[in-house]
Amino acid sequence: MTTVQPALNHRRREPLSDATLLMLIAIGIFLVMYASAVILMGGAFQKPQQFLDLFNENAALIIIACALTVVMIGGGINISVGGIIGLTCMACTKFLEYSAPQNSVVAVLLTVLLALAIGLAFGLFEGFMVSYLEIQPFIVTLAGMFLARGLTTILSVNPVKVTHEGFQALVKTKLQIPWLGYVAKNGNLISAKLEIGAIVALLVVAAVWLMLRYTKLGRGIYAVGGNRQSALMLGINVKRTSFWSYVISGVLAGLAGLVFLMHKPAANASIAMRSEMDAIAASIIGGTLLTGGVGNVIGTLFGVMILAAIQKIIGLSPLNESWWQDMASGAMLGIFIMLQSVILSRRGKRGKAEASKG
Amino acid sequence: MENIRDEAPRLFYDTTEGAARMQNDVVLTMRGISKLFPGTRALDNVDFTLRRGEIHALMGENGAGKSTLIKVLTGVYGKDAGSIHIEGIEGEAPIHSPQDAQNAGISTVYQEITLCPNLTVAENMFIGRTDGAIVNWKDCEKKATAILESLNIPARAKQELSSCSLAVQQMVAIGRAVDMNCKVLVLDEPTSSLDEQEVSMLFKLMRDLKSRGVGIVFVTHFLEQVYEVSDRITVLRNGKLVGEYPVAELPQLELVAKMMGKDLNDLEGLEKADRHTSAATETVYEAEGLSSTARRPFDFRIRRGEVNGFTGLLGSGRSESVRAIFGADRITGGKVRVRGKAVKITNPHEAMKHGIGYLPEDRKRDGIIADLSVRDNIILALQVMRGFFRPMKRSEMEAFADEYIKELNIKTASQNTPVGSLSGGNQQKVILARWLLTHPDYLILDEPTRGIDVGTKLEIQRLVLKLAEENMSVTFISSEIEEMLRTCSRLIVMRDGNTVGELTGDELTQAHVMETIAGGGVQHG
Ligand SMILES: Nc1ncnc2c1ncn2[C@@H]1O[C@H](COP(=O)(O)OP(=O)(O)OP(=O)(O)O)[C@@H](O)[C@H]1O
Ligand SMILES: [Mg+2]
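Residue numbers (the working numbering), protein chains in the order written: chain A, 2 to 359; chain B, 2 to 526.
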């Protein structure tokens with residue numbers, strides 16, 4: 002029996018863990034989908050800019066999907082992230098319009114701080130309620146969502162625009178990538194562009210990945226999501242761990258609000274409506290289990306990419322009505338979850354068989 | 002001598018040595034500990050003293066309060082009264098959580114394996130114990146590999162824990178605990194899922210730690226093990242302290258009497274059951290070339306009223322054999338006949354429909370539903386067999402539950418108590434009751450007496466033989482060969498996933514079984 006010869010061959014490659022397997026499936030599906038779009042639909046899809054736009058347009062979603070992945074791995078849920086984006090956008094816009102100093106650097110810095118502070122406040126509040134008062138996370142964050150939306154409306158019922166020059170300059174700053182560009186009809190080279198928000202989003206993915214993988218807190222989040230009681234017995238401060246997972250998700254949501262504003266410098270009361278649902282869907286597609294303990298932000302990134310690609314493909318096809326998008330995303334999610342559970346149950350049976358050698 | 006101690010157990014120290022010296026050697030004192038659960042007084046004014054460099058057995062029947070005492074010590078439960086002192090710490094020990102206990106130098110292996118299945122082996126060994134925000138997992142993996150190697154644990158540091166067997170998980174939990182630089186090591190039934198080899202390895206380790214001055218608390222229901230390693234025994238009964246005794250002064254029979262609260266004379270009634278040979282010839286279950294993802298093809302048959310068993314070391318494939326019979330793993334081939342009729346059994350539900358019952362080895366994973374009441378857990382399998390559209394009457398359920406609570410001596414506040422709050426051994430009895438109640442034609446029991454106290458163990462053996470007399474066929478698996486010899490009339494011996502022998506009649510002796518396991522038998526299968 003091979004499993005009974007341990008130490009000798011501990012260098013042997015480990016079989017894929019569930020999370021990794023699900024992540025690879027997500028990556029595979031994205032690649033197949035995008036490649037077939039390039040081949041079948043050609044045109045716009047062949048431009049690299051089209052690919053970069055997936056990141057440019059969905060930077061905020063990537064960030065809140067990471068936030069959701071963190072709390073979901075810890076066995077929780079946070080549906081207030083969309084609301085926090087809305088509130089942050091509105092608050093930052095109002096701030097820039099009415100009270101920001103003329104100096105652009107100071108104004109931008111203060112805006113960033115304001116965004117993060119709003120996210121932090123929500124994170125602290127929700128984390129405290131969930132972890133220390135032990136109220137259901139769904140209910141706490143539902144309340145958080147209503148609160149955020151309410152505050153957004155109080156700030157302004159009407160749509161507002163950012164006209165502050167300092168911020169506008171920031172919005173226009175983009176990373177130019179000439180070698181991915183193309184030559185326009187008039188002979189000019191048009192570089193491909195990556196927005197700052199997209200870069201921030203990718204940095205967030207990297208940071209969260211490192212946090213989950215290498216830090217005490219990160220592994221603690223997995224442990225708490227995997228088995229709360231065991232985690233407690235293993236000497237993990239379960240409450241503090243889950244508290245921090247909400248704080249992180251709150252701060253990330255605030256950051257996402259800022260990134261949202263940098264992509265589209267205007268705000269209204271229903272901004273980023275429903276984006277928390279997209280974030281949950283992206284996490285699940287990327288292999289995070291709602292039951293906790295399993296997940297991976299790289300998978301989540303590809304979860305967002307899949308949803309974004311569906312949107313793009315349908316947008317460029319004859320079926321460019323929004324309900325088609327919703328239905329395609331829904332169908333995709335359904336297929337995905339079925340696929341996951343089939344794979345996991347097959348593995349589960351095998352795993353159990355292996356685990357019960359006795 | 003005995004009596005004096007029974008009456009005044011408090012603050013009793015060995016009289017042969019100076020009390021003052023002993024006092025200095027004490028690493029842990031628990032005084033007047035009480036703990037109330039709704040409906041149960043789990044601990045009532047219990048004292049416990051642990052000295053440096055001793056192995057101290059904590060004994061008692063199922064539900065006596067052993068695990069509760071340990072959990073009070075390690076901060077899992079708060080106590081309602083009493084005080085805890087740890088050497089080197091002024092005043093009441095500041096322990097409010099398992100984390101505090103670890104920091105105070107107490108490392109614990111709990112009765113139920115408390116590891117995280119979704120983390121790797123190395124992570125399970127080091128999580129919750131590292132300093133600083135960033136963990137050097139490479140380093141942890143290296144250290145974990147060293148521990149795994151030194152304890153001969155068949156697992157890899159980077160392996161996900163859920164893919165390890167129960168025994169390996171248990172060893173990993175032990176590996177985690179012994180690695181810490183601890184003053185006190187607490188082992189709550191660490192040997193219940195280990196085989197002899199692993200047990201002797203563990204004992205070597207315990208003696209080693211003992212010589213380094215660690216105080217060890219050891220809970221087990223295997224009396225031989227107590228006498229093999231312990232220096233001192235504390236006995237609890239019904240949440241109360243019975244007394245503390247040096248091992249040499251407490252013969253086995255007296256220990257049993259103290260645990261059960263009976264006179265020595267009453268124990269005569271505990272005569273060992275006699276195995277029984279079925280006279281019937283009808284074959285109830287027959288498999289030819291049956292194989293699953295976890296078990297190579299094998300042949301097997303059992304007659305009406307026969308009790309047989311699979312034996313072999315851990316990992317020899319004995320559990321896989323019965324899992325294949327029950328369809329618990331994915332079946333990959335073979336022919337099965339039940340009462341002479343060819344049938345297909347590919348999942349547990351089909352097996353149950355054909356009158357086969359199976360008590361799984363791992364109660365936490367496959368058996369118990371912790372939040373359901375004792376009654377609902379007992380009724381569960383019968384309800385499934387009858388079909389959910391024919392619900393049972395409430396009074397009927399209550400009668401069944403009552404019957405088995407009494408028969409198996411299940412210690413519970415009431416039928417409505419959630420099973421999760423029962424002691425480990427009593428949870429095991431609940432699952433056993435569940436299967437006994439269904440009265441299948443063919444019952445498979447994989448380690449049914451794991452974690453069950455001596456008295457009840459004999460009771461269960463007797464019950465199995467009684468059922469066989471009533472024409473039930475039973476397959477019995479136990480790590481204790483002695484127990485198998487007492488109940489089975491045919492033993493199938495396994496090694497490395499193969500059947501290596503089948504013993505009946507006069508061949509059924511301890512020596513013969515050991516020899517066959519070790520390689521004396523013919524190799525086939
Ligand atoms: N969390 C709990 N809630 C309610 N009652 C409990 C709880 N834990 C234990 N008990 C009760 O306390 C008593 C002592 O249980 P404990 O687990 O300490 O027994 P034990 O001596 O370890 O038994 P075993 O040998 O079966 O492990 C039992 O009657 C049990 O039902
Ligand atoms: Mg116990």
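Note that beta-carbon positions come from the ideal geometry of N, C-alpha and C, so glycine has one too.
Distances between the C-beta of Asp279 of chain A and the heavy atoms of ligand 1 are all 7 Å or more. At a cut-off of 8 Å between C-beta atoms, Leu116 of chain B counts as an interface residue with respect to chain A. Assignment of Asn238 of chain A by DSSP, reduced to helix, strand and coil, places it in the coil class. The beta carbon of Pro441 of chain B sits closer than 8 Å to the beta carbons of Met353, Gly356, Ile357, Gly358 and Met473 from its chain, once the five residues preceding and following it are set aside; these are given in chain order.
Look at Lys72 of chain B: its beta carbon is at least 7 Å from all of the heavy atoms in ligand 2. Met73 of chain A has its alpha-carbon roughly 6 Å from the corresponding atom of Gly293 of chain A. Taking a Cβ-Cβ cut-off of 7 Å, the neighbours of Gly236 of chain A in chain B comprise Pro99, Gln100, Gln103, Gly129 and Arg130, given in sequence order.
The beta carbons of Val136 of chain B and Pro155 of chain B sit no closer together than 8 Å. By the 16-neighbour rule on beta-carbons within 10 angstroms, His97 of chain B is exposed. Along the length of the segment 307–333 of chain B, whole beta strand (DSSP E) runs at least 3 residues long occupy 308–312, reported in chain order. Beta-bridge partners assigned by DSSP to Arg338 of chain B: B:Glu287 and B:Ala343. Unbroken alpha helix (DSSP H) stretches of 4 residues or longer found wholly inside the segment 11–71 of chain A: 19–42, given in chain order.
Secondary structure at Ser396 of chain B: helix, using DSSP grouped into helix, strand and coil. Here Trp138 of chain B is buried, its C-beta having at least 16 other C-beta atoms within 10 Å.
In the DSSP assignment, Thr439 of chain B falls within the unbroken alpha helix (DSSP H) covering Gly425 to Thr439. The beta carbon of Asn427 of chain B sits closer than 7 Å to at least one heavy atom of ligand 1. Met24 of chain A and Leu213 of chain A have their alpha carbons spaced roughly 15 Å apart. If you check the CB distance, Phe303 of chain A and Ala61 of chain A do not come in under 8 Å. Closest by C-alpha distance to Glu471 of chain B, out of B:Asp497, B:Leu383 and B:Val308, is B:Val308. If you look at Arg491 of chain B, you'll find it in the beta strand (DSSP E) that goes Arg491 to Arg496.
Of all C-beta pairs linking the segment 112–121 of chain B to the segment 146–164 of chain B, three or more are shorter than 8 Å, placing the two stretches in contact. For Gln160 of chain B, the three-state secondary structure derived from DSSP is coil.
The shortest CA-to-CA distance from Gly328 of chain B to any of B:Ala288, B:Ile148 and B:Arg32 is the one to B:Ala288. Nearest to Arg275 of chain A by C-alpha distance, out of A:Ile65, A:Ser318 and A:Ile338, is A:Ile65.
Using a Cβ-Cβ cut-off of 9 Å, Glu124 of chain B is close to Arg220, Tyr223 and Ala224 of chain A, given in chain order.
Residue burial is scored here from C-beta neighbours: Pro99 of chain B has at least 16 other C-beta atoms within 10 angstroms and is therefore classed as buried.
Judged by their CB atoms, Glu127 of chain A and Gly145 of chain A are nearer to each other than the 8 Å cut-off. In the structure shown, Met274 of chain A adopts coil according to DSSP, grouped into three states. Exclusion of the five residues before and after Ala118 of chain A leaves Gly255 as the residues of its chain whose Cβ lies within less than 8 Å of its Cβ. Annotation for Glu471 of chain B: no beta strand (DSSP E) segment contains it, and DSSP assigns it neither H nor E. Ile175 of chain B sits buried, since 16 or more C-beta atoms from the chains shown fall within 10 Å of its C-beta. Under the 10 Å beta carbon count, His222 of chain B is surrounded by 16 or more other beta carbons and is classified as buried.
In terms of Cβ geometry, Lys175 of chain A and Leu148 of chain A do not form a close pair [threshold 8 Å].
When only Cα atoms are considered, Gly151 of chain A and Ile136 of chain A end up about 22 Å apart. Not one heavy atom of ligand 2 sits closer than 7 Å to the Cβ of Ser330 of chain A.
For Asn119 of chain B, the chain A residues whose Cβ falls inside 7 Å of its Cβ are Tyr223, Gly227, Gly294 and Val295, in order along the chain.
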